[in-house]
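A quick write-up on the structure given underneath.
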Ligand code: ADP
Ligand code: MG
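Residue numbers (UniProt numbering): 1 to 246.
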């Protein structure tokens, strides 16, 4: 029997901001090809956890491995890590004076120094994948929020990451554009991309996640397959939260 090896392995992670302990011993594994959703009240440390994985914030204790890369290694190659770990935020922050295509191409060309023509082919294919073929030459200001977010997803994918982190990527969108972004993520997951998502979209989590983690005040209260967590939560804190959002 082969034990599935975790692509992202988080062990007993502690993080504080001054006096505030934001992560109090968090452990979580993401296997290759898995889709993990993190849910929980605002302020429970979900964004901080994702930012720790990408080494955007340092941790005080515990370990985070992405493949064989130790994210806490002082000699960590951050550029290499961030190439392998894509991250998409609520605020898509596209460059306003660059077209959609230029936004998608920028990091592989400028940071990874990849060949411009190779990157352009890949970028166009990714814009097609997120259903924005006809918007390649549009500027962000000419696109809806949902379209801009899909450009941001294509931009992240153009780095050819092994795992994608999504932090409430639909939270700032108009309701009618939320669906198209969720569809993009669904297709990505169905293609086998490893995904770790923080989301308030409970139906999406229920449909797509292999495991759902419920967090509260810096701890993982429980995790289970979505059918189990949503229909039979074990902890009263999970029940209370789900009672409010479902
Ligand atoms: P969530 O994403 O679950 O809403 P966050 O990870 O954003 O939670 O925040 C968890 C706690 O950490 C909050 O109390 C927040 O105010 C605090 N926090 C987050 N980032 C910082 C920071 N850079 N400096 C100080 N406090 C922070
Ligand atoms: Mg957050």
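Note that beta-carbon positions come from the ideal geometry of N, C-alpha and C, so glycine has one too.
Thinking C-beta only, is residue j closer than 8 Å to residue i?
i: residue 149; j: residue 104; result: no
i: residue 23; j: residue 49; result: yes
i: residue 26; j: residue 7; result: no
i: residue 59; j: residue 72; result: yes
i: residue 64; j: residue 13; result: yes
i: residue 10; j: residue 210; result: no
i: residue 83; j: residue 140; result: no
i: residue 119; j: residue 111; result: no
i: residue 205; j: residue 39; result: yes
i: residue 99; j: residue 144; result: no
i: residue 124; j: residue 136; result: yes
i: residue 57; j: residue 113; result: no
i: residue 81; j: residue 213; result: no
Can you give the beta carbon distance from residue i to residue j, rounded, assuming they're within the 8 Å contact cut?
i: residue 277; j: residue 55; result: Residue numbering for the chain in the displayed model covers 1 to 246; residue 277 lies beyond these limits and cannot be assessed.
i: residue 218; j: residue 21; result: 6 Å
i: residue 163; j: residue 196; result: 7 Å
i: residue 215; j: residue 45; result: 6 Å
i: residue 132; j: residue 147; result: 6 Å
i: residue 42; j: residue 198; result: Incorrect: roughly 11 Å between the Cβ atoms, too far for contact.
i: residue 208; j: residue 186; result: 6 Å
Discussion item. Using 8 Å as the cut-off, can you tell me whether the segment 150-169 makes contact with the segment 75-94, which would need three or more C-beta pairs spanning the two stretches below that distance?
Written reply: yes
Item to complete: Inspect the CB distances between the segment 232-246 and the segment 51-71 and report whether three or more fall short of 8 Å.
Response: no
Worksheet item: What are the uninterrupted segments assigned as beta strand (DSSP E) that are 3 or more residues long and contained completely in the segment 24-105, given in chain order?
Response: 35-39, 61-66, 85-88
Worksheet item: With contact counted as at least three CB pairs below 8 Å, one residue from each stretch, are the segment 177-193 and the segment 213-229 in contact?
Response: no
Discussion item. Give me the pocket residues for the ligand MG, defined as CB within less than 7 Å of any heavy atom, sorted by chain position.
Written reply: 42, 46, 47, 167, 168, 198
Worksheet entry | Those runs of the beta strand (DSSP E) which lie wholly inside the segment 206-237 and span at least 3 residues | 211-216, 219-224
Practice prompt. Report yes or no: do the segment 95-103 and the segment 143-163 share at least 3 C-beta pairs separated by less than 8 Å?
Written response: yes
Discussion item. Please give the ranges of any alpha helix (DSSP H) in the segment 116-174, keeping only runs that are unbroken, at least 4 residues long and fully inside the region.
Written reply: 116-129, 145-157
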